[in-house]
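Novice:
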Amino acid sequence: MRNIYFWAAIAWTLLVTVLCLVSTENLGEVNKFELPNKDKYGHFVFYFVFTLLWYAYFKLRGKMTLRRMKFLAMFFAFLYGTLVEISQGLFTQGREADVMDIVFNTLGSIAAIFLVWLIQKSKK
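Counting along the sequence shown from 1, when you hit position 122 you're at 133 in this note's numbering, and nothing is skipped either side.
1) What is the DSSP secondary structure of ALA108, reduced to helix, strand or coil?
2) Can you tell me which of LYS81, VAL27, LYS74, VAL29 puts its alpha carbon nearest to the alpha carbon of ALA122?
3) How many Å lie between TYR66 and LEU126 at the Cα?
4) With 16 other CB atoms within 10 Å as the buried threshold, where does GLU96 fall?
5) Does DSSP put MET75 in a helix, a strand or coil?
6) On the criterion of 16 or more Cβ atoms from any shown chain inside 10 Å, does PHE55 qualify as buried, or is it exposed?
7) DSSP on ILE33, reduced to helix/strand/coil?
8) With a CB to CB cut of under 8 angstroms and the five nearest residues on each side skipped, what residues in its chain are close to GLU107?
9) Evaluate the contact criterion for the segment 103-120 versus the segment 22-34: three or more CB pairs, one atom per stretch, below 8 angstroms.
10) Would PHE57 be called buried (16 or more neighbouring beta carbons within 10 Å of its own) or exposed?
11) Should TRP18 and PHE61 be called a contact, given that it needs their Cβ atoms to be closer than 8 angstroms?
12) Would the beta-carbon of TYR16 fall within 8 angstroms of that of LEU71?
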């Protein structure tokens, strides 16, 4: 089971990376969908799922405290999201780094950890 979460987390990480580094012009119909700040919702969801998958993998490994697992999943999401944003600014055309994307990445990650906390609390 641990390998399923590991490979799911890796696959999600790669998907997020591709979607964040590919020019939005190459996304076709997805790019035409009209919703104010749609990319911010995307960043929130990307990093919400990202954090849940990495947390699930760490939890099944079971080699650290729950608090450390939550912190590590959230820190990894923040660090990775920040590096992706920097990469957008440095290595892509048609994309640019945006501090608000990092904010929404972080909010998605915090929401995921809050959900984990609520679930753990409800089990006690």
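Glycine included, each C-beta is placed from N, C-alpha and C at the ideal position.
Specialist: Reading from the atomic positions:
1) coil
2) LYS81
3) 12 angstroms
4) buried
5) coil
6) buried
7) The displayed chain sequence assigns Val, not Ile, to residue 33. VAL33: coil per DSSP, three-state reduction.
8) GLN99, GLY100
9) yes
10) buried
11) no
12) yes
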